[in-house]
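Okay, structure first, notes after.
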Amino acid sequence: MPSSSKPFYTLDKQAWWERLWFLLLTITFSLVLTWLYFWWEVHNDYDEFNWYLYNRTGYWSDWSVPILVTTAAAFTYITGLLVLALCHIAVGQQMNLHWLHKIGLVVILVFTVVAMAAVAQLWEDEWEVLLISLQGTAPFLHVGALAAVTALSWIVAGQFARAERSSAAPYRACMEEEPINDPPCPKEEHQIGLVVILVFTVVAMAAVAQLWEDEWEVLLISLQGTAPFLHVGALAAVTALSWIVAGQFARAERSSSQATILCAFLAVVAALYLAPLAICSPCIMEKKDLGPKPALIGHRGAPMLAPEHTLMSFRKALEQKLYGLQADVTISLDGVPFLMHDATLRRTTNVEEEFPELARRPASMLNWTVLQRLNAGQWFLKTDPFWTAGSLSPADHREAQNQSVCSLAELLELAKGNATLLLNLHDPPREHPYHGSFLNVTVEAVLRSGFPQHQVLWLPNRQRPLVRKVAPGFQQTSGTKEAVASLRKGHIQRLNLRYTQVSRLELREYASWNLSVNLYTVNAPWLFSLLWCAGVPSVTSDNVHVLSQVPSPLWIMPPDEYCLLWVTADLISFTLIVGIFVLQKWRLGGIRSYNPEQIMLSAAVCRASRDVSIMKEKLIFSEISDGVEVSDELSVCSDNSYDTYANSTTTSAGSRGGGNRAKTHRPE
25 MPSSSKPFYT LDKQAWWERL WFLLLTITFS LVLTWLYFWW EVHNDYDEFN
75 WYLYNRTGYW SDWSVPILVT TAAAFTYITG LLVLALCHIA VGQQMNLHWL
125 HKIGLVVILV FTVVAMAAVA QLWEDEWEVL LISLQGTAPF LHVGALAAVT
175 ALSWIVAGQF ARAERSSAAP YRACMEEEPI NDPPCPKEEH QIGLVVILVF
225 TVVAMAAVAQ LWEDEWEVLL ISLQGTAPFL HVGALAAVTA LSWIVAGQFA
275 RAERSSSQAT ILCAFLAVVA ALYLAPLAIC SPCIMEKKDL GPKPALIGHR
325 GAPMLAPEHT LMSFRKALEQ KLYGLQADVT ISLDGVPFLM HDATLRRTTN
375 VEEEFPELAR RPASMLNWTV LQRLNAGQWF LKTDPFWTAG SLSPADHREA
425 QNQSVCSLAE LLELAKGNAT LLLNLHDPPR EHPYHGSFLN VTVEAVLRSG
475 FPQHQVLWLP NRQRPLVRKV APGFQQTSGT KEAVASLRKG HIQRLNLRYT
525 QVSRLELREY ASWNLSVNLY TVNAPWLFSL LWCAGVPSVT SDNVHVLSQV
575 PSPLWIMPPD EYCLLWVTAD LISFTLIVGI FVLQKWRLGG IRSYNPEQIM
625 LSAAVCRASR DVSIMKEKLI FSEISDGVEV SDELSVCSDN SYDTYANSTT
675 TSAGSRGGGN RAKTHRPE
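To get the numbering used here, take the position in the sequence shown, counting from 1, and add 24.
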């Protein structure tokens with residue numbers, strides 16, 4: 025066979041490209057996992073996201089469903105490819121992605137990055153929710169990460185053990201390559217899929233960052249509750265992967281490759297072992313220090329059980345024994361305060377059917393007599409915004425179908441003596457006849473109803489001195505976070521803030537100055553539990569029927585118990601990783617002889633799989649093609665006293681020497 029200037033053990037260009045694709049696959053998996061976790065923890069704010077898109081598009085739909093479906097599909101696809109790649113590595117094979125999967129990988133990566141950027145831009149404070157969520161999940165994420173690193177040590181140890189085999193040395197003296205044109209790799213479709221998923225994920229993340237940037241804060245908040253569990257999961261995963269990492273370490277031909285694999289893996293393991301130092305969850309506390317359960321305020325009533333801002337919705341909320349009700353007040357063209365959140369009537373009434381010409385007109389520009397003719401319940405059954413309409417009883421279904429627009433007077437009569445009211449007012453247009461006096465009209469309606477003043481939480485910031493003079497019993501509530509001195513100067517008694525806008529230290533500071541804080545909108549039990557541990561006095565929620573039944577935080581762990589969990593998980597992981605490396609060293613480091621099948625499975629042969637196939641054919645058919653004994657063709661020469669490759673064959677009667685014995689050559 026003709027000689028070759030390139031040694032057999034040298035990595036060709038294709039091999040390096042495949043390694044880069046594996047790195048890209050790992051990065052894509054990490055991004056898609058983050059994206060999936062983000063959309064899991066922001067389910068508390070799905071309604072907010074849908075409402076935001078409704079204002080932009082004019083069409084109401086649950087946009088979270090297609091996002092979750094596509095994200096889950098992309099994650100499943102990427103995870104499958106990554107598992108296959110790790111399995112290839114574990115057995116010493118190189119995984120060659122089809123070009124279709126490479127395109128898919130790039131597409132998913134780009135889409136994920138773009139989507140994250142979009143969320144950061146348009147929904148910026150939602151990233152704070154991510155940090156908040158980690159307060160609840162960090163301890164468990166830490167244990168999971170330890171398990172993952174420990175598992176990964178099997179691969180690392182295997183690579184470490186194989187590093188000393190240097191099986192390429194016996195091959196390079198007697199194995200030569202011939203240029204053979206092979207068909208393309210049969211797995212190129214995986215590469216396109218990877219590219220597609222990668223681009224899709226990047227675009228999705230950029231879109232969310234652009235349209236819903238505040239929600240990234242929710243991701244951080246969620247980690248406050250999930251980080252302990254995620255840590256445990258990460259430990260388990262890394263521990264499991266250590267088998268593959270150890271295998272790669274053992275297969276490495278150069279000491280530099282060994283050092284790179286070992287240092288990278290140890291860096292990951294060390295970071296996971298020390299991760300609990302950065303975990304700060306309010307639920308890591310003594311049970312005796314847990315404060316009272318946060319009071320619940322029904323957001324527009326109970327909108328998961330009935331159409332929002334209807335008498336049925338408020339009555340359903342009161343059945344849950346709530347602390348209060350929240351309502352958005354708008355004033356009609358003829359001066360009647362009524363309840364409506366949106367600027368128009370299109371989403372929550374049948375105005376497009378009854379009065380198509382009035383559908384896009386501001387709700388406050390219609391007379392009360394016209395508003396009373398509209399149906400405010402059919403939309404709830406038709407669109408099912410919270411996926412709860414199907415759970416209504418037949419009686420509730422009929423009642424919801426016949427709801428009408430609710431006036432403030434009706435709400436005051438229903439809630440009198442039963443709940444506190446958190447009132448938010450919407451300014452009418454400038455051309456509205458009550459533009460300058462709508463505050464006075466609303467205050468007069470409250471006073472005229474006989475509703476107790478001390479049960480009114482007054483949120484509008486306009487004309488507060490006048491309101492305090494007319495209704496001194498109202499609890500002045502601010503919707504903006506300010507310094508304590510400024511709040512006290514304005515006679516503010518309460519704060520109504522989004523749950524991402526306040527920290528535990530600020531909660532303690534406000535409490536020390538007798539300022540109560542209400543946080544909105546809290547729907548998820550995990551978030552409610554986290555805020556409970558943090559000492560939040562009250563929350564506004566759409567999900568009052570569920571949160572009212574939560575007897576205690578989902579989890580509370582004393583600091584001593586968490587430290588014990590942390591140290592125990594780290595020690596178990598460390599012991600397993602060391603054992604895996606020792607086992608891989610013993611398992612792979614002692615292999616001293618080779619045959620054609622082992623050559624195919626050895627990761628020391630770092631050539632592309634198509635070249636290895638060619639070499640295997642040369643080994644098997646060398647006697648036929650060259651008319652010489654296999655032992656002569658496959659003799660091994662080495663300066664490092666490697667064990668010989670022995671292969672006994674029976675030659676034909678007319679072969680050279682007429683013998684039936686294969687020669688065995690020792691390295692000189």
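Don't be surprised by glycine CBs; every beta carbon is placed ideally from N, CA and C.
Identity of the residue in the options nearest residue i by Cα
i	options	result
Thr393	Cys430, Leu121, Gln479 and Thr284	Cys430
Phe475	Thr501, Leu447, His67 and Pro489	Leu447
Ala11	Ala171, Gln145 and His122	In the structure displayed, the chain extends from 25 to 692; residue 11 sits before or after that span and is not available.
Tyr544	Tyr523, Trp550 and Val560	Tyr523
Val470	Ser356, Val560, Val494 and Pro331	Val494
Val315	Arg532, Glu65 and Pro549	According to the sequence as given, residue 315 is Gly; it is not Val. The shortest Cα separation from Gly315 among Arg532, Glu65 and Pro549 belongs to Arg532.
Pro549	Tyr534, Ser572, Leu296 and Leu390	Ser572
Asn442	Pro418, Leu349 and Pro453	Leu349
Val143	Ile604, Gly104, Phe73 and Ala175	Phe73
Ser85	Gln479, Trp403 and Thr592	Trp403
Lys311	Ile604, Ala593, Phe46 and Trp556	Trp556
Val115	Gln477, Thr50, Ser597 and Ala274	Ala274
Leu48	Glu530, Leu133 and Gly160	Leu133
Ala593	Ala228, Leu105, Val256 and Glu378	Val256
Through-space distance from residue j to residue i, alpha-carbon basis
i	j	result
Trp537	Ala424	44 Å
Leu607	Asp566	55 Å
Ser553	Pro577	4 Å
Arg43	Trp178	20 Å
Thr668	Ala261	Residue confidence for Thr668 is low, a pLDDT of 38 falling below 50, so the modelled location carries little weight and cannot support an answer.
Trp92	Val360	First, the residue type needs correcting, since residue 92 is Leu and not Trp in the sequence shown. Approximately 42 Å, taken between the alpha carbons.
Thr136	Arg397	47 Å
Trp482	Leu301	42 Å
Val167	Ala294	13 Å
Leu521	Asn374	32 Å
Glu381	Glu65	41 Å
Gln272	Lys126	23 Å
Tyr101	Leu222	11 Å
Phe498	Thr52	54 Å
Ser54	Val491	53 Å
Ser527	Asn399	42 Å
Tyr76	Arg611	59 Å
Cys307	Leu129	38 Å
Asp584	Glu241	29 Å
Cys587	Leu363	51 Å
Arg80	Ala507	34 Å
Trp579	Ala558	13 Å
Ala351	Gln344	17 Å
Gln517	Gln479	13 Å
Thr95	Leu511	44 Å
Glu200	Trp87	Here the model assigns Glu200 a pLDDT of 40, short of 50, so the residue's position is not dependable and the matter cannot be decided.
Phe338	Thr225	40 Å
Pro484	Thr501	8 Å
Leu247	Ala162	6 Å
Those residues which DSSP pairs with residue i across a bridge
i	result
Tyr523	In DSSP, Tyr523 forms no bridge with anything.
Leu320	Val563
Ala230	Answer by DSSP bridge pairing: none, since Ala230 is not bridged.
Asn448	Asp352
Ala548	BP columns for Ala548 are empty, so no partner.
Leu259	Leu170
Arg518	Thr501 and Ser540
Pro331	The partner list for Pro331 (beta bridge, DSSP) is empty, contrary to what the question assumes.
Ser428	Asn399
Leu247	Gln159
Pro361	Ile355
Where the beta strand (DSSP E) containing residue i begins and where it ends
i	result
Ala351	Gly348 to Ile355
Leu543	Ser540 to Tyr544
Host alpha helix (DSSP H) of residue i (start-end)
i	result
Thr368	Note, Thr368: premise wrong, no alpha helix (DSSP H); not H, not E.
Leu108	Ser88 to Ala114
Gln282	Ser279 to Leu298
Arg80	Tyr70 to Thr81
Val375	Val375 to Glu378
Contact test: residue i Cβ vs the ligand ZN heavy atom, cutoff 7 Å
i	result
Arg80	This structure lacks the ligand ZN, and indeed carries no ligand of any kind.
Checklist entry - Taking the runs of the beta strand (DSSP E) that are 3 residues or longer, which of them lie wholly in the segment 119–177? => result 147–149
Checklist entry - If you scan the segment 455–508 from start to end, which runs of the alpha helix (DSSP H) of 4 or more residues do you find wholly inside it? => result Here the runs fully enclosed are 462–473 and 488–494.
Item to check | In chain order, each alpha helix (DSSP H) run of at least 4 residues that lies wholly inside the segment 554–604 | outcome: 568–571
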